[in-house]
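2 protein chains.
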Amino acid sequence: MRAPKIPKPTVRRLAIYYRCLNKLKENGIEKTSSKEMADLLGIKASQVRKDLSYFGEFGKRGVGYNVDKLSFKLKEILGLKKNWNVAIVGAGNLGYAIANYSGLEKNGFKVVTAFDNDEKKIGNMIVPGVKIERIQDIEKIIKTYNVEIAVLSVPVNAAQEVVDILLEAGIKGILNFTPTSLSVPENISVEDVDFVISLKSLTFEIASAENEL
Amino acid sequence: MRAPKIPKPTVRRLAIYYRCLNKLKENGIEKTSSKEMADLLGIKASQVRKDLSYFGEFGKRGVGYNVDKLSFKLKEILGLKKNWNVAIVGAGNLGYAIANYSGLEKNGFKVVTAFDNDEKKIGNMIVPGVKIERIQDIEKIIKTYNVEIAVLSVPVNAAQEVVDILLEAGIKGILNFTPTSLSVPENISVEDVDFVISLKSLTFEIASAENEL
Chain G
1 MRAPKIPKPT VRRLAIYYRC LNKLKENGIE KTSSKEMADL LGIKASQVRK
51 DLSYFGEFGK RGVGYNVDKL SFKLKEILGL KKNWNVAIVG AGNLGYAIAN
101 YSGLEKNGFK VVTAFDNDEK KIGNMIVPGV KIERIQDIEK IIKTYNVEIA
151 VLSVPVNAAQ EVVDILLEAG IKGILNFTPT SLSVPENISV EDVDFVISLK
201 SLTFEIASAE NEL
Chain S
1 MRAPKIPKPT VRRLAIYYRC LNKLKENGIE KTSSKEMADL LGIKASQVRK
51 DLSYFGEFGK RGVGYNVDKL SFKLKEILGL KKNWNVAIVG AGNLGYAIAN
101 YSGLEKNGFK VVTAFDNDEK KIGNMIVPGV KIERIQDIEK IIKTYNVEIA
151 VLSVPVNAAQ EVVDILLEAG IKGILNFTPT SLSVPENISV EDVDFVISLK
201 SLTFEIASAE NEL
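Rendered as structure tokens:
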């Protein structure tokens with residue numbers, strides 16, 4: 001993967017600040033501070049300031065941030081001024097759940113196509129109006145629909161093979177739900193969402209806390 | 001949240017090393033090195049060595065690691081020498097998909113109960129043999145089944161209210177699939193799995209790469 005100038009944890013926090021700012025906006029709040037955001041998120045104010053400092057000066061000392069302006073700036077930084085077309089690759093329980101998650105469309109991610117290799121599923125709707133297509137048709141359909149992001153929810157043993165097809169089709173980013181490290185060229189972005197790893201991170205913390213008693 | 005001595009990204013990588021070592025073991029490989037593991041995972045060997053160094057000396061310079069021993073040690077560190085009872089809280093599409101994910105049981109996580117507030121779902125099986133129960137019965141059932149970990153997949157507006165019930169019931173860790181920052185006492189562990197945040201991290205990278213062209 002291409003080495004980004006901004007650390008990944010910072011980028012994730014920017015997305016969390018953006019969510020937080022939108023919530024403040026919904027509540028009619030126009031001004032905020034690193035302290036207020038940090039308190040809402042359970043982190044340190046210095047962390048908020050450091051993360052935002054990568055992109056120049058946003059707030060005024062003692063005055064804080066204009067919610068609207070900072071939110072707009074983060075929207076731009078995160079690449080969210082446009083909507084993104086998404087393909088669900090692997091229409092099992094997980095692929096179906098993700099495709100139907102209300103948060104996607106609300107955040108500018110539109111599921112425009114889905115793929116599976118199970119002939120019984122082909123032609124079924126994954127979300128209203130979006131048919132499940134054959135894996136063999138990935139390249140044609142990805143190009144037709146101008147899909148830039150693929151959600152990978154296939155069985156782990158098929159993961160790399162399917163990724164190679166997606167790369168061939170010109171996909172730019174992969175949200176990887178399979179429990180494996182994908183091999184992709186430097187200019188392709190991958191985000192791993194592995195909740196078994198998250199569960200193990202949880203058991204580490206619980207076990208450590210118990211050992212401290 | 002309690003401040004852990006080990007940085008969170010390190011803990012996540014330990015879980016990934018553990019997965020990697022088990023794969024090597026399956027392939028009959030008995031010795032490995034930080035270089036080999038790093039290459040398999042697309043990271044730097046120095047990162048692997050640094051992460052492992054938190055827990056003392058594992059490998060011998062020039063000899064590398066014994067796969068079996070390191071895997072066993074990581075299993076212990078990650079709290080995986082025992083199985084963990086898990087409750088699915090919120091039996092919608094996502095809760096159902098997680099409950100039925102084959103990777104859970106394989107990794108020592110057993111779904112023993114599930115909860116929802118939709119009367120139509122109560123009594124249905126979320127996985128074979130595991131019934132969906134009423135939210136009101138959380139406290140009783142969590143204690144009966146000795147559940148330590150809850151997977152939170154309820155709608156976001158119900159999240160904190162349900163978490164407060166879970167805390168009352170004595171849950172120790174929460175895998176949070178809702179797009180919000182939960183408020184919990186210091187001794188309770190929370191892992192956020194927010195794939196909309198991951199998608200935004202992806203669009204940041206894609207947009208940054210395009211701006212560089």
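Chains as they are written, first to last, in UniProt numbering: chain G, 1 to 213; chain S, 1 to 213. Positions of the beta carbon are idealized from the N, C-alpha and C atoms, including for glycine.
Can the beta-carbon of residue 98 of chain S be found less than 7 Å from the beta-carbon of residue 151 of chain S? yes
For the segment 103-123 of chain S against the segment 178-194 of chain S, do three or more pairs of beta-carbon atoms, one drawn from each stretch, fall closer than 8 Å, so that the two count as touching? no
Give, in chain order, every residue of the segment 68-80 of chain S whose Cβ lies closer than 8 Å to some Cβ of chain G. 77, 78, 79 and 80
Does the Cβ-Cβ distance between residue 149 of chain G and residue 91 of chain G come in under 7 Å? no
Find the nearest neighbour of residue 145 of chain S within the set S:135, S:112, S:54 and S:161, judged by alpha-carbon distance. S:112
If you follow the beta strand (DSSP E) that residue 274 of chain S is in, where does it begin and where does it stop? This structure leaves residue 274 of chain S out entirely; chain S is present only between 1 and 213.
Could you say if the segment 133-143 of chain G and the segment 184-195 of chain G meet the contact criterion of at least three C-beta pairs nearer than 8 Å? no
My guess is that residue 161 of chain S and residue 176 of chain S are in contact by the Cβ rule of under 8 Å, so how many angstroms apart are they, rounded? Not confirmed; about 14 Å, so no contact.
Start-to-end residues for the beta strand (DSSP E) that takes in residue 126 of chain G: 125-127
For the candidate residues G:96, G:72, G:51 and G:21, whose alpha-carbon lies nearest to that of residue 124 of chain G? G:96
Using the Cα positions of residue 196 of chain G and residue 16 of chain S, report the straight-line distance between them to the nearest angstrom. 10 Å
Given a cut-off of 7 Å on the beta-carbon distance, is the pair residue 126 of chain G and residue 88 of chain G in contact? yes
Name the residues in the segment 197-210 of chain S whose C-beta lies less than 9 Å from a C-beta of chain G; which are they? 197, 198, 199, 200, 201, 202, 203, 204, 205, 206, 207, 208, 209 and 210
Using the rule of at least 16 other Cβ atoms within 10 Å of the residue's Cβ for burial, across every protein chain shown, is residue 61 of chain S buried or exposed? exposed
Is it a yes or a no for the segment 17-26 of chain G touching the segment 62-71 of chain G, going by three-plus beta-carbon pairs under 8 Å? yes
Apart from the five residues on each side of it in sequence, which residues of its chain come closer than 8 Å, Cβ to Cβ, to residue 31 of chain S? 63, 64, 65, 66 and 67
Using a C-beta cutoff of 7 Å, does residue 94 of chain G count as contacting chain S? yes
Neighbourhood of residue 3 of chain S by C-beta distance below 7 Å, restricted to the same chain and skipping five residues each side: Low confidence applies here, because residue 3 of chain S scores a pLDDT of 42, under 50, leaving its location unreliable; read the following figure in that light. Closer than 7 Å at Cβ, skipping near neighbours: no residue.
Enclosing alpha helix (DSSP H) for residue 22 of chain G [first to last residue]: 8-26
For residue 55 of chain G, tell me which candidate among G:40, G:121 and G:10 has the shortest Cα-Cα distance. G:10
Inter-residue spacing [alpha-carbon to alpha-carbon] between residue 51 of chain G and residue 38 of chain G: 12 Å
Any beta carbon from chain S within less than 7 Å of residue 128 of chain G's own beta carbon? no
Environment of residue 193 of chain S [buried if 16+ CB atoms lie within 10 Å]: buried
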